[in-house]
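In my numbering, the protein residues as written are 3 to 388.
Next up, the structure:
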(Lines of atoms letter the chains of each structure in order from A and count residues from 1; the text may use other names and numbers.)
(Lines give C-alpha, C1' and ligand atoms only; values in the text may rest on other atoms or scores of the structure.)
Protein backbone atom coordinates (compact mmCIF):
# COMPACT_ATOMS: atom_id res chain seq x y z
CA UNK A 1 0.00 0.00 0.00
CA UNK A 2 1.31 3.46 -0.94
CA UNK A 3 0.10 5.67 1.94
CA UNK A 4 -1.21 9.20 1.48
CA UNK A 5 1.54 10.46 3.79
CA UNK A 6 4.38 9.17 5.93
CA UNK A 7 7.35 10.27 7.98
CA UNK A 8 10.96 10.23 6.80
CA UNK A 9 13.36 9.19 9.56
CA UNK A 10 17.08 9.42 8.81
CA UNK A 11 20.08 8.03 10.66
CA UNK A 12 20.82 11.54 11.92
CA UNK A 13 17.30 11.70 13.38
CA UNK A 14 17.84 8.37 15.14
CA UNK A 15 21.21 9.48 16.47
CA UNK A 16 19.70 12.72 17.80
CA UNK A 17 17.16 10.72 19.81
CA UNK A 18 19.81 8.25 21.00
CA UNK A 19 21.95 11.15 22.20
CA UNK A 20 19.06 12.34 24.37
CA UNK A 21 18.46 8.83 25.72
CA UNK A 22 22.09 8.81 26.86
CA UNK A 23 21.86 12.28 28.38
CA UNK A 24 20.75 13.41 31.83
CA UNK A 25 17.34 14.66 30.68
CA UNK A 26 14.47 12.89 28.99
CA UNK A 27 12.09 15.76 29.73
CA UNK A 28 12.39 19.41 30.81
CA UNK A 29 15.98 19.62 29.60
CA UNK A 30 17.85 21.85 27.13
CA UNK A 31 16.68 20.36 23.82
CA UNK A 32 13.08 21.61 23.89
CA UNK A 33 14.25 25.26 24.16
CA UNK A 34 16.70 24.66 21.31
CA UNK A 35 13.90 23.29 19.13
CA UNK A 36 11.66 26.23 20.03
CA UNK A 37 14.44 28.66 19.14
CA UNK A 38 15.09 26.93 15.79
CA UNK A 39 11.42 27.09 14.75
CA UNK A 40 10.97 30.67 15.96
CA UNK A 41 14.06 31.84 14.09
CA UNK A 42 13.05 30.00 10.92
CA UNK A 43 9.61 31.63 10.97
CA UNK A 44 10.71 35.05 12.19
CA UNK A 45 8.63 34.93 15.39
CA UNK A 46 9.63 36.23 18.82
CA UNK A 47 8.44 33.23 20.85
CA UNK A 48 7.70 29.53 20.40
CA UNK A 49 6.08 27.23 22.96
CA UNK A 50 6.46 23.49 22.28
CA UNK A 51 3.77 21.10 23.49
CA UNK A 52 2.74 17.47 23.10
CA UNK A 53 0.30 18.04 20.22
CA UNK A 54 -1.17 20.74 18.01
CA UNK A 55 -4.47 20.11 19.78
CA UNK A 56 -2.85 21.08 23.08
CA UNK A 57 -1.32 24.12 21.39
CA UNK A 58 -4.76 25.24 20.15
CA UNK A 59 -6.20 24.77 23.64
CA UNK A 60 -3.62 26.83 25.50
CA UNK A 61 -3.65 29.46 22.74
CA UNK A 62 -7.38 29.96 23.29
CA UNK A 63 -6.92 30.08 27.05
CA UNK A 64 -4.03 32.54 26.80
CA UNK A 65 -6.22 34.93 24.78
CA UNK A 66 -8.92 34.56 27.44
CA UNK A 67 -11.57 32.53 25.62
CA UNK A 68 -14.24 31.29 28.01
CA UNK A 69 -17.96 30.79 28.64
CA UNK A 70 -20.08 33.35 26.80
CA UNK A 71 -17.41 33.82 24.10
CA UNK A 72 -17.45 32.54 20.52
CA UNK A 73 -14.85 30.90 18.31
CA UNK A 74 -15.31 30.59 14.54
CA UNK A 75 -13.33 28.35 12.22
CA UNK A 76 -13.58 26.46 8.93
CA UNK A 77 -15.83 23.39 8.70
CA UNK A 78 -13.21 21.68 6.50
CA UNK A 79 -10.59 20.85 9.09
CA UNK A 80 -9.78 18.26 11.70
CA UNK A 81 -12.13 18.48 14.69
CA UNK A 82 -9.39 19.91 16.95
CA UNK A 83 -9.66 23.33 15.28
CA UNK A 84 -13.19 23.62 16.64
CA UNK A 85 -12.93 21.50 19.78
CA UNK A 86 -10.38 23.88 21.29
CA UNK A 87 -13.18 26.42 21.70
CA UNK A 88 -15.44 23.90 23.41
CA UNK A 89 -12.64 22.95 25.82
CA UNK A 90 -12.78 26.56 27.04
CA UNK A 91 -16.56 26.57 27.45
CA UNK A 92 -17.09 28.85 24.45
CA UNK A 93 -19.59 28.51 21.61
CA UNK A 94 -18.26 27.31 18.25
CA UNK A 95 -19.47 28.26 14.80
CA UNK A 96 -18.16 27.90 11.26
CA UNK A 97 -17.52 30.01 8.16
CA UNK A 98 -17.90 28.38 4.75
CA UNK A 99 -14.90 27.78 2.50
CA UNK A 100 -13.59 29.44 -0.63
CA UNK A 101 -14.45 27.09 -3.53
CA UNK A 102 -11.01 27.57 -5.13
CA UNK A 103 -8.56 26.97 -2.30
CA UNK A 104 -10.88 25.31 0.27
CA UNK A 105 -9.78 27.66 3.06
CA UNK A 106 -12.04 29.85 5.17
CA UNK A 107 -13.58 32.39 2.77
CA UNK A 108 -12.95 36.07 3.70
CA UNK A 109 -16.10 37.19 1.88
CA UNK A 110 -18.24 34.68 3.75
CA UNK A 111 -16.52 35.75 6.96
CA UNK A 112 -17.31 39.42 6.34
CA UNK A 113 -20.99 38.70 5.66
CA UNK A 114 -21.26 36.59 8.81
CA UNK A 115 -19.48 39.26 10.89
CA UNK A 116 -21.86 41.98 9.71
CA UNK A 117 -24.82 39.87 10.75
CA UNK A 118 -23.20 38.90 14.05
CA UNK A 119 -22.44 42.53 14.86
CA UNK A 120 -26.09 43.38 14.29
CA UNK A 121 -27.12 40.58 16.67
CA UNK A 122 -24.42 41.29 19.27
CA UNK A 123 -22.80 37.88 18.73
CA UNK A 124 -19.34 38.64 17.36
CA UNK A 125 -16.59 36.03 17.82
CA UNK A 126 -13.72 36.54 20.22
CA UNK A 127 -11.41 34.31 18.16
CA UNK A 128 -11.33 33.26 14.50
CA UNK A 129 -9.20 30.23 13.58
CA UNK A 130 -8.27 30.24 9.86
CA UNK A 131 -6.99 26.80 8.80
CA UNK A 132 -4.27 26.57 6.15
CA UNK A 133 -5.72 23.46 4.53
CA UNK A 134 -3.22 21.22 2.71
CA UNK A 135 -0.48 23.74 3.52
CA UNK A 136 -1.81 26.68 1.50
CA UNK A 137 -2.09 29.83 3.63
CA UNK A 138 -5.47 31.52 3.96
CA UNK A 139 -5.92 35.10 2.76
CA UNK A 140 -4.51 36.37 6.04
CA UNK A 141 -4.29 40.02 4.99
CA UNK A 142 -8.04 40.12 4.34
CA UNK A 143 -8.86 38.22 7.54
CA UNK A 144 -6.57 40.47 9.57
CA UNK A 145 -8.25 43.58 8.13
CA UNK A 146 -11.60 42.18 9.28
CA UNK A 147 -10.16 41.54 12.74
CA UNK A 148 -9.23 45.22 13.00
CA UNK A 149 -12.72 46.23 11.93
CA UNK A 150 -14.68 43.79 14.12
CA UNK A 151 -12.34 43.31 17.07
CA UNK A 152 -11.63 39.57 17.09
CA UNK A 153 -8.32 37.80 17.73
CA UNK A 154 -6.70 35.38 15.25
CA UNK A 155 -5.13 31.96 15.82
CA UNK A 156 -3.71 30.53 12.60
CA UNK A 157 -4.09 26.76 12.48
CA UNK A 158 -1.01 26.14 10.36
CA UNK A 159 -0.77 22.46 11.25
CA UNK A 160 -0.25 21.71 7.54
CA UNK A 161 1.87 24.72 6.66
CA UNK A 162 5.30 24.90 8.29
CA UNK A 163 7.79 25.72 5.54
CA UNK A 164 5.15 27.60 3.57
CA UNK A 165 5.10 31.32 2.81
CA UNK A 166 2.48 34.03 2.53
CA UNK A 167 3.29 37.15 0.53
CA UNK A 168 6.95 36.12 0.52
CA UNK A 169 7.22 35.74 4.30
CA UNK A 170 7.27 32.54 6.38
CA UNK A 171 4.03 31.20 7.76
CA UNK A 172 4.30 31.61 11.52
CA UNK A 173 5.86 35.08 11.60
CA UNK A 174 2.73 36.51 13.23
CA UNK A 175 2.30 39.49 10.94
CA UNK A 176 -1.43 38.83 10.55
CA UNK A 177 -2.29 36.88 13.70
CA UNK A 178 -1.88 36.67 17.45
CA UNK A 179 -0.73 33.03 17.55
CA UNK A 180 0.22 30.42 14.93
CA UNK A 181 -0.05 26.68 15.57
CA UNK A 182 2.07 23.95 13.97
CA UNK A 183 1.62 20.17 14.12
CA UNK A 184 4.46 17.64 14.13
CA UNK A 185 2.36 14.48 13.75
CA UNK A 186 4.15 11.79 11.67
CA UNK A 187 2.26 12.55 8.45
CA UNK A 188 2.95 16.28 8.68
CA UNK A 189 5.84 18.09 6.98
CA UNK A 190 8.29 17.49 9.83
CA UNK A 191 7.63 15.24 12.79
CA UNK A 192 8.38 14.86 16.48
CA UNK A 193 6.29 11.62 16.50
CA UNK A 194 3.54 13.56 18.29
CA UNK A 195 3.88 17.22 19.07
CA UNK A 196 2.90 20.77 18.34
CA UNK A 197 4.02 24.35 18.80
CA UNK A 198 2.49 27.78 19.29
CA UNK A 199 4.32 30.84 17.93
CA UNK A 200 3.62 34.44 18.89
CA UNK A 201 5.21 37.88 19.00
CA UNK A 202 3.31 38.80 22.18
CA UNK A 203 5.39 38.43 25.37
CA UNK A 204 2.34 37.99 27.61
CA UNK A 205 0.71 35.37 25.40
CA UNK A 206 3.98 33.42 25.29
CA UNK A 207 4.28 33.60 29.08
CA UNK A 208 0.68 32.45 29.56
CA UNK A 209 1.05 29.51 27.18
CA UNK A 210 4.34 28.39 28.75
CA UNK A 211 2.67 28.48 32.18
CA UNK A 212 -0.44 26.60 31.05
CA UNK A 213 1.51 23.76 29.37
CA UNK A 214 3.05 22.73 32.71
CA UNK A 215 0.33 22.67 35.38
CA UNK A 216 0.26 26.45 35.85
CA UNK A 217 3.39 26.09 37.99
CA UNK A 218 6.19 28.65 38.25
CA UNK A 219 9.59 28.71 39.90
CA UNK A 220 10.06 32.39 39.07
CA UNK A 221 10.05 34.41 42.33
CA UNK A 222 8.76 37.46 40.44
CA UNK A 223 5.51 35.65 39.69
CA UNK A 224 5.01 34.25 43.21
CA UNK A 225 2.68 35.59 45.89
CA UNK A 226 5.44 35.35 48.53
CA UNK A 227 9.18 34.89 48.76
CA UNK A 228 10.41 31.35 48.07
CA UNK A 229 10.72 29.18 51.18
CA UNK A 230 13.82 27.51 49.77
CA UNK A 231 15.50 26.39 46.53
CA UNK A 232 12.91 23.60 46.19
CA UNK A 233 9.99 26.04 46.16
CA UNK A 234 7.42 26.43 43.39
CA UNK A 235 3.89 27.77 43.22
CA UNK A 236 0.86 26.84 41.16
CA UNK A 237 -0.52 30.22 40.12
CA UNK A 238 -2.98 29.03 37.47
CA UNK A 239 -4.85 25.88 36.47
CA UNK A 240 -2.63 24.37 33.80
CA UNK A 241 -2.09 21.01 32.14
CA UNK A 242 0.65 18.50 31.49
CA UNK A 243 1.11 19.39 27.82
CA UNK A 244 4.91 19.34 27.79
CA UNK A 245 6.97 18.06 24.88
CA UNK A 246 9.69 15.54 25.79
CA UNK A 247 13.39 15.96 25.02
CA UNK A 248 13.17 12.92 22.73
CA UNK A 249 10.47 14.54 20.62
CA UNK A 250 12.32 17.85 20.48
CA UNK A 251 15.56 16.14 19.42
CA UNK A 252 13.74 14.49 16.53
CA UNK A 253 12.12 17.78 15.54
CA UNK A 254 15.37 19.70 15.75
CA UNK A 255 17.05 17.18 13.47
CA UNK A 256 14.12 17.27 11.01
CA UNK A 257 14.25 21.08 10.83
CA UNK A 258 17.54 20.73 8.98
CA UNK A 259 15.63 19.15 6.07
CA UNK A 260 12.44 21.25 6.18
CA UNK A 261 13.14 23.29 3.04
CA UNK A 262 14.25 20.15 1.20
CA UNK A 263 11.02 18.40 2.20
CA UNK A 264 8.80 21.23 1.00
CA UNK A 265 10.74 21.58 -2.26
CA UNK A 266 10.31 17.87 -2.94
CA UNK A 267 6.56 18.15 -2.28
CA UNK A 268 6.39 20.93 -4.88
CA UNK A 269 8.21 18.78 -7.41
CA UNK A 270 5.73 15.95 -6.83
CA UNK A 271 2.80 18.37 -7.12
CA UNK A 272 4.13 19.64 -10.46
CA UNK A 273 4.27 16.07 -11.78
CA UNK A 274 0.70 15.46 -10.63
CA UNK A 275 -0.41 18.74 -12.23
CA UNK A 276 1.14 17.81 -15.58
CA UNK A 277 0.00 14.21 -15.76
CA UNK A 278 -3.53 14.64 -14.38
CA UNK A 279 -4.40 17.75 -16.38
CA UNK A 280 -6.58 15.95 -18.95
CA UNK A 281 -8.62 13.92 -16.45
CA UNK A 282 -12.12 14.83 -15.19
CA UNK A 283 -10.69 16.33 -12.04
CA UNK A 284 -10.31 19.70 -10.37
CA UNK A 285 -6.64 19.97 -9.41
CA UNK A 286 -5.34 22.04 -6.48
CA UNK A 287 -5.27 25.78 -7.14
CA UNK A 288 -2.36 27.68 -5.66
CA UNK A 289 -2.84 31.35 -4.87
CA UNK A 290 -0.06 33.46 -6.43
CA UNK A 291 0.54 35.17 -3.05
CA UNK A 292 1.23 31.82 -1.41
CA UNK A 293 3.93 29.17 -1.32
CA UNK A 294 2.16 26.14 0.08
CA UNK A 295 3.72 23.69 2.51
CA UNK A 296 1.89 21.09 0.37
CA UNK A 297 1.09 18.74 3.20
CA UNK A 298 -1.70 17.34 0.99
CA UNK A 299 -2.47 17.05 -2.70
CA UNK A 300 -6.27 17.16 -2.92
CA UNK A 301 -8.15 16.40 -6.13
CA UNK A 302 -11.88 16.87 -6.65
CA UNK A 303 -13.81 14.48 -8.88
CA UNK A 304 -15.99 15.93 -11.64
CA UNK A 305 -18.68 13.42 -10.87
CA UNK A 306 -20.92 14.49 -13.76
CA UNK A 307 -18.15 13.29 -16.12
CA UNK A 308 -17.27 10.07 -14.30
CA UNK A 309 -19.34 6.91 -14.42
CA UNK A 310 -18.62 6.12 -10.79
CA UNK A 311 -19.54 7.57 -7.43
CA UNK A 312 -17.08 9.29 -5.11
CA UNK A 313 -17.01 6.21 -2.89
CA UNK A 314 -16.51 3.83 -5.81
CA UNK A 315 -13.43 5.77 -7.01
CA UNK A 316 -12.04 5.93 -3.48
CA UNK A 317 -12.53 2.22 -2.82
CA UNK A 318 -11.17 1.22 -6.24
CA UNK A 319 -7.95 3.12 -5.54
CA UNK A 320 -7.62 1.53 -2.11
CA UNK A 321 -8.17 -1.93 -3.63
CA UNK A 322 -5.26 -1.25 -6.01
CA UNK A 323 -2.91 -0.41 -3.14
CA UNK A 324 -3.20 3.38 -3.31
CA UNK A 325 -3.74 4.62 0.24
CA UNK A 326 -5.84 7.65 -0.58
CA UNK A 327 -7.64 9.52 2.19
CA UNK A 328 -10.18 12.33 2.60
CA UNK A 329 -9.35 15.56 4.42
CA UNK A 330 -11.78 16.29 5.97
CA UNK A 331 -15.31 15.31 6.88
CA UNK A 332 -16.88 18.74 7.58
CA UNK A 333 -16.93 19.20 11.34
CA UNK A 334 -20.53 20.43 11.44
CA UNK A 335 -21.69 17.04 10.09
CA UNK A 336 -20.19 15.10 13.01
CA UNK A 337 -22.78 13.64 15.42
CA UNK A 338 -21.40 15.62 18.37
CA UNK A 339 -21.87 18.89 16.47
CA UNK A 340 -25.21 17.82 15.02
CA UNK A 341 -26.46 17.51 18.60
CA UNK A 342 -25.59 21.20 19.03
CA UNK A 343 -27.98 22.06 16.21
CA UNK A 344 -25.74 22.11 13.13
CA UNK A 345 -27.37 20.62 10.04
CA UNK A 346 -26.58 19.52 6.51
CA UNK A 347 -26.94 22.51 4.24
CA UNK A 348 -25.43 24.99 6.72
CA UNK A 349 -22.15 25.26 4.77
CA UNK A 350 -22.83 24.23 1.16
CA UNK A 351 -19.32 24.82 -0.24
CA UNK A 352 -17.81 22.64 2.48
CA UNK A 353 -20.35 19.92 1.76
CA UNK A 354 -19.72 20.06 -2.00
CA UNK A 355 -16.01 19.77 -1.33
CA UNK A 356 -16.54 16.72 0.88
CA UNK A 357 -18.64 15.01 -1.80
CA UNK A 358 -15.79 15.22 -4.34
CA UNK A 359 -12.41 15.40 -2.54
CA UNK A 360 -9.69 12.74 -2.40
CA UNK A 361 -6.15 13.20 -1.04
CA UNK A 362 -3.53 11.49 -3.20
CA UNK A 363 -0.19 10.24 -1.81
CA UNK A 364 2.14 13.16 -1.05
CA UNK A 365 5.34 12.84 0.97
CA UNK A 366 9.04 13.49 0.29
CA UNK A 367 10.14 9.87 -0.03
CA UNK A 368 7.41 9.06 -2.58
CA UNK A 369 9.39 7.93 -5.61
CA UNK A 370 8.56 8.89 -9.17
CA UNK A 371 7.88 5.21 -9.89
CA UNK A 372 5.39 5.07 -7.04
CA UNK A 373 3.82 8.33 -8.16
CA UNK A 374 3.55 6.99 -11.72
CA UNK A 375 1.74 3.96 -10.31
CA UNK A 376 -0.69 6.28 -8.48
CA UNK A 377 -1.32 8.24 -11.70
CA UNK A 378 -1.73 5.16 -13.92
CA UNK A 379 -4.09 3.53 -11.44
CA UNK A 380 -6.17 6.71 -11.09
CA UNK A 381 -6.49 6.98 -14.87
CA UNK A 382 -7.64 3.37 -15.14
CA UNK A 383 -10.18 3.78 -12.36
CA UNK A 384 -11.65 6.94 -13.88
CA UNK A 385 -11.80 5.51 -17.40
CA UNK A 386 -13.16 2.06 -16.51
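Glycine is no exception: its CB is placed at the ideal position from the N, C-alpha and C atoms. From a predicted model like this one, the values you see are computed outputs, not experimental measurements.
Worksheet item: Does DSSP put residue 346 in a helix, a strand or coil?
Response: Locating residue 346 in the chain shown gives position 344, where the first residue counts as 1. Look at residue 346 here: in three-state DSSP terms it is coil, with no helix or strand label.
Worksheet item: DSSP state of residue 400, grouped into three classes?
Response: Given that the chain is displayed from residue 3 to residue 388, the structure contains no residue 400 and the question cannot be resolved.
Worksheet entry | Euclidean distance between Cα positions of residue 12 and residue 41 | Against the chain shown, residue 12 aligns to sequence position 10. Against the chain shown, residue 41 aligns to sequence position 39. Taking the straight line from one Cα to the other gives about 19 Å.
Worksheet item: For residue 379, which of 336, 334, 289 and 285 has the nearest alpha-carbon?
Response: Within the chain shown, the letter at position 377 stands for residue 379. Of the listed residues, the one whose Cα sits closest to residue 379 is 285.
Fill in: residue 289 vs residue 105 beta-carbon contact at 8 Å
Here residue 289 corresponds to residue number 287 of the chain shown, with the count starting at 1. Here residue 105 corresponds to residue number 103 of the chain shown, with the count starting at 1. Between residue 289 and residue 105, the CB-CB gap stays under 8 Å.
Worksheet item: By Cβ distance, which residues of its chain are closer than 7 Å to residue 144, with the 5 residues on each side in sequence left out?
Response: The residue given as residue 144 occupies position 142 in the chain shown. Taken in chain order, the residues that qualify are 110.
Worksheet item: Hey, quick one: how far does the beta strand (DSSP E) through residue 419 stretch, first residue to last?
Response: Residue 419 lies beyond the range of the chain shown here (3 to 388); nothing can be said about it.
Worksheet item: Taking the alpha-carbon positions, what's the residue 295 to residue 170 distance?
Response: Position 293 of the chain shown, counted from the first residue, corresponds to residue 295. Position 168 of the chain shown, counted from the first residue, corresponds to residue 170. Spanning the two alpha carbons is a distance of roughly 8 Å.
Worksheet item: Pairing CB atoms from the segment 212–222 with CB atoms from the segment 78–90, are three or more of them under 8 Å?
Response: These segments do not touch.
Fill in: Residue nearest to residue 141 in terms of C-alpha spacing, selected from 160, 315 and 29
Indexing the chain shown from 1 puts residue 141 at position 139. The candidate whose alpha carbon is nearest that of residue 141 is 160.
Discussion item. Tell me which residue opens and which closes the beta strand (DSSP E) that residue 196 is part of.
Written reply: Translated into the one-based positions of the chain shown, residue 196 becomes position 194. Counting along the chain, no beta strand (DSSP E) covers residue 196, and no H or E run does either.
Fill in: Local conformation of residue 359 per DSSP, three classes
Here residue 359 is taken as the residue at index 357 of the chain shown, counted from 1. Residue 359 falls in the helix class under three-state DSSP.
Discussion item. Can you tell me where the alpha helix (DSSP H) holding residue 263 begins and where it ends?
Written reply: Residue numbering aside, residue 263 sits at position 261 when the chain shown is read from its first letter. From DSSP, the alpha helix (DSSP H) with residue 263 extends over 262–280.
Discussion item. Need the endpoints of the beta strand (DSSP E) that residue 303 sits in, please.
Written reply: Residue 303 sits at position 301 when you count from the first residue of the chain shown. Counting along the chain, the beta strand (DSSP E) containing residue 303 begins and ends at 301–305.
Worksheet item: How would you call residue 93, buried or exposed, if buried means at least 16 neighbouring beta carbons within 10 angstroms?
Response: Along the chain shown, one-based indexing puts residue 93 at 91. For residue 93, the number of other beta carbons within 10 angstroms of its own is below 16, and it is reported as exposed.
Discussion item. Which residue wins for smallest C-alpha separation from residue 52, given the options 300, 6 and 253?
Written reply: Taking the chain shown and counting its residues from 1, the one referred to as residue 52 is at position 50. Minimum Cα distance to residue 52 is reached at 253.
Discussion item. Per DSSP, what are the beta-bridge partners of residue 157 in this structure?
Written reply: Position 155 of the chain shown, counted from the first residue, corresponds to residue 157. In DSSP, residue 157 forms a bridge with 181.
Item to complete: Take residue 309 and list the residues in its own chain whose beta-carbon comes closer than 8 Å to its own, dropping the five residues that flank it on each side.
Response: Residue 309 sits at position 307 when you count from the first residue of the chain shown. Excluding positions up to five away in sequence, the list reads 284.
Worksheet item: Can you round the beta-carbon distance between residue 173 and residue 139 to whole angstroms, since I take them to be within the 8 Å contact cut?
Response: By 1-based counting over the chain shown, the position of residue 173 is 171. By 1-based counting over the chain shown, the position of residue 139 is 137. Confirmed, about 6 Å.
Worksheet entry | Distance between beta carbons of residue 330 and residue 303, contact taken as under 8 Å | Position 301 of the chain shown, counted from the start, is the residue given in the question as residue 303. Position 328 of the chain shown, counted from the start, is the residue given in the question as residue 330. About 11 Å separates the beta carbons of residue 303 and residue 330, which is beyond the 8 Å limit, so they are not a contact pair.
Item to complete: Could you please give the first and the last residue of the uninterrupted beta strand (DSSP E) stretch that includes residue 117?
Response: In the chain shown, counting from the first residue as 1, residue 117 sits at position 115. It is not in any beta strand (DSSP E) - residue 117 instead sits in the alpha helix (DSSP H) that spans 110–123.
Practice prompt. May I have a chain-ordered list of the alpha helix (DSSP H) segments no shorter than 4 residues that lie completely inside the segment 75–113?
Written response: Within the segment 75–113, the complete alpha helix (DSSP H) segments of 4 residues or longer fall at 84–91, listed in chain order.
Worksheet item: Could you give the C-beta distance for residue 211 and residue 66, rounded to a whole number, given that I count them as a contact under 8 Å?
Response: In the chain shown, the residue the question calls residue 211 occupies position 209. In the chain shown, the residue the question calls residue 66 occupies position 64. The pair is a contact, with the Cβ atoms about 5 Å apart (cut-off 8 Å).
Discussion item. On the CB-based measure, 16 or more other CB atoms within 10 Å of its CB, does residue 340 come out buried or exposed?
Written reply: Counting from 1 along the chain shown, the entry for residue 340 is found at position 338. Residue 340 should be labelled exposed.
Worksheet entry | Supposed close pair residue 164, residue 180 - CB separation, criterion 8 Å | The residue you call residue 164 lines up with position 162 of the chain shown. The residue you call residue 180 lines up with position 178 of the chain shown. Contact flag wrong, Cβ pair sits at about 18 Å.
Worksheet item: Are the segment 118–132 and the segment 60–74 touching by the rule of at least three beta carbon pairs closer than 8 Å?
Response: Between the segment 118–132 and the segment 60–74, the count of Cβ pairs shorter than 8 Å is three or higher; the stretches touch.
Worksheet item: Where do the N-terminal and C-terminal ends of the beta strand (DSSP E) with residue 377 fall, by residue?
Response: As a working note, residue 377 is residue 375 in the chain shown. Membership of residue 377 in any beta strand (DSSP E) is not indicated; the residue belongs instead to the alpha helix (DSSP H) covering 372–387.
Worksheet entry | Exposure of residue 274, with buried meaning 16 or more beta-carbon neighbours within 10 Å | Residue mapping note: residue 274 aligns to position 272 of the chain shown, counting from 1. Label assigned to residue 274: exposed.
Worksheet item: Going by beta carbon distance, what residues of the same chain come within less than 7 Å of residue 258, once the five residues before and after it are set aside?
Response: One-based indexing of the chain shown puts residue 258 at position 256. Result list for residue 258: 15, 192 and 193, in chain order.
Worksheet item: Exposed or buried, which one is residue 107 when buried takes at least 16 other CB atoms within 10 Å?
Response: By 1-based counting over the chain shown, the position of residue 107 is 105. Counting Cβ neighbours within 10 Å, residue 107 comes out buried, since at least 16 surround it.
Item to complete: Using the Cα positions of residue 19 and residue 151, report the straight-line distance between them to the nearest angstrom.
Response: Start at 1 with the first residue of the chain shown, and residue 19 comes out as number 17. Start at 1 with the first residue of the chain shown, and residue 151 comes out as number 149. The alpha-carbon atoms of residue 19 and residue 151 are separated by roughly 47 Å.
Item to complete: Return the chain-ordered list of same chain residues with a C-beta closer than 7 Å to the C-beta of residue 5, the five sequence neighbours on each side being excluded.
Response: The residue you call residue 5 lines up with position 3 of the chain shown. Around residue 5: 327 and 365.
Worksheet item: What are the boundary residues of the beta strand (DSSP E) that residue 47 is part of?
Response: The count along the chain shown starts at 1 and reaches residue 47 at position 45. No residue range can be given for residue 47, since it is assigned to no beta strand (DSSP E) and is classified by DSSP as neither H nor E.
Worksheet item: DSSP on residue 235, reduced to helix/strand/coil?
Response: Along the chain shown, read from residue 1 onward, the residue named residue 235 stands at position 233. Residue state, collapsed to three classes: coil.
Item to complete: Quick one: give me the first and last residue of the alpha helix (DSSP H) that residue 19 is part of.
Response: Taking the chain shown and counting its residues from 1, one reaches residue 19 at position 17. Residues 13–23.
Item to complete: State the DSSP-derived secondary structure class of residue 190, mapped to helix, strand or coil.
Response: Counting from one through the chain shown, the residue named residue 190 turns up at place 188. Here residue 190 sits in coil by DSSP.
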